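To convert, note that position 88 of the sequence shown is 106 in this note's numbering; the numbers rise steadily by one, no gaps.
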Amino acid sequence: MGRRKRRRKIRLRPRRRLPKIFQCPRCGETSVSVLIDRRKGVARVVCSSCGLEAEFEYNPYLAEVDYYSKFLDAYEEGRIGVEESGEGEKEGEEAEQDEG
Ligand SMILES: [Zn+2]
């Protein structure tokens with residue numbers, strides 16, 4: 019009767035703050051991060067690749083992924099976007115001249 023207690027290593031992940039990066043609906047890069055500012059009461063979802071960005075009201079019951087899904091909805095509805103430069107570029111800058 020040799021019952022041996024087997025020690026089992028239970029590894030709890032000490033790092034709870036894993037980077038939460040999501041895929042961008044616009045550029046397809048996995049570079050969307052959720053920045054929560056509790057002091058301001060806002061949650062910002064930003065793609066560091068193409069600059070797509072949205073801001074939502076901070077809700078303590080929501081997780082990062084929830085803001086991300088809001089972000090996707092907002093993008094699909096066309097509520098958010100990025101200013102694209104290239105098309106319709108301004109031409110003919112007026113140079114200011116000092117008279118004197
Ligand atoms: Zn993007």
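Even glycine gets a Cβ: it sits at the ideal position worked out from N, Cα and C. As the structure is a prediction and not an experimental result, all values here were calculated from the model.
Sub-8 Å separation of residue i and residue j beta-carbons
{"i": "Arg44", "j": "Tyr93", "result": "yes"}
{"i": "Ser67", "j": "Glu47", "result": "yes"}
Residue i versus residue j - alpha carbon distance
{"i": "Val64", "j": "Leu53", "result": "8 Å"}
{"i": "Arg97", "j": "Tyr86", "result": "14 Å"}
{"i": "Phe89", "j": "Asp55", "result": "16 Å"}
{"i": "Lys38", "j": "Glu101", "result": "25 Å"}
{"i": "Pro78", "j": "Arg24", "result": "41 Å"}
Inter-residue CB distance, residue i and residue j (contact presumed, cutoff 8 Å)
{"i": "Cys42", "j": "Ser49", "result": "6 Å"}
(request) State whether the segment 21-30 contacts the segment 45-61, with contact taken as three or more CB pairs (one from each stretch) at a distance under 8 Å. (result) no
(request) With a floor of 3 residues, list each beta strand (DSSP E) that falls wholly inside the segment 38-86, ordered by position along the chain. (result) 39-41, 48-55, 60-65 and 71-75
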